[in-house]
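Chemist: Just dropping this structure here.
Numbering (my numbering), first residue to last: 4 to 111.
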């Protein structure tokens, strides 16, 4: 196997492992990690650390984050295994990202 390909695979494994650990931490504890980029809105982070969230809202937030992670993983696989879909996939990435954050902000 080519060393450059191996380095690229290792790099993306680290990125998805890091992101997956943030999703797992949020789902287990109900709070974003202290140095995360799981939920980018500072208001959301402060709210989730200081306030109690209703269990149904917290479940919806956890579910949205898990769906976002799975969608990002699948889209990344499609992006790297197909040709000519770059712009369309970037649009879908952005839609999922902003949609999830808007949904979580709405729950707060």
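Quick reminder that beta carbons are idealized off the backbone N, C-alpha and C, glycines included.
From a predicted model like this one, the values you see are computed outputs, not experimental measurements.
Please state the DSSP three-state secondary structure of residue 85.
Modeler: Looking up residue 85 in the chain shown gives position 82. Residue state, collapsed to three classes: coil.
Chemist: Going by C-alpha distance, which of 83, 92, 11 and 72 is nearest residue 104?
Modeler: If you number the chain shown from 1, residue 104 lands on position 101. Among 83, 92, 11 and 72, the Cα nearest to that of residue 104 belongs to 72.
Chemist: Just checking, does the segment 63 to 78 make contact with the segment 91 to 109 on the three C-beta pairs under 8 Å criterion?
Modeler: yes
Chemist: Using the C-alpha atoms, what's the distance from residue 58 back to residue 75?
Modeler: Here residue 75 refers to the residue found at position 72 of the chain shown. Here residue 58 refers to the residue found at position 55 of the chain shown. Cα-Cα distance, rounded: 26 Å.
Chemist: DSSP three-state label for residue 33, please.
Modeler: The count along the chain shown starts at 1 and reaches residue 33 at position 30. Residue 33 falls in the coil class under three-state DSSP.
Chemist: In angstroms with no decimal places, state the Cα-to-Cα distance between residue 21 and residue 29.
Modeler: The sequence position of residue 21 within the chain shown is 18, counting from 1. The sequence position of residue 29 within the chain shown is 26, counting from 1. Using only the alpha carbons, I get a separation of about 12 Å.
Chemist: Out of 17, 10 and 78, state which residue places its alpha-carbon closest to the alpha-carbon of residue 93.
Modeler: To locate residue 93, count along the chain shown from 1; it is residue 90. Of the listed residues, the one whose Cα sits closest to residue 93 is 78.
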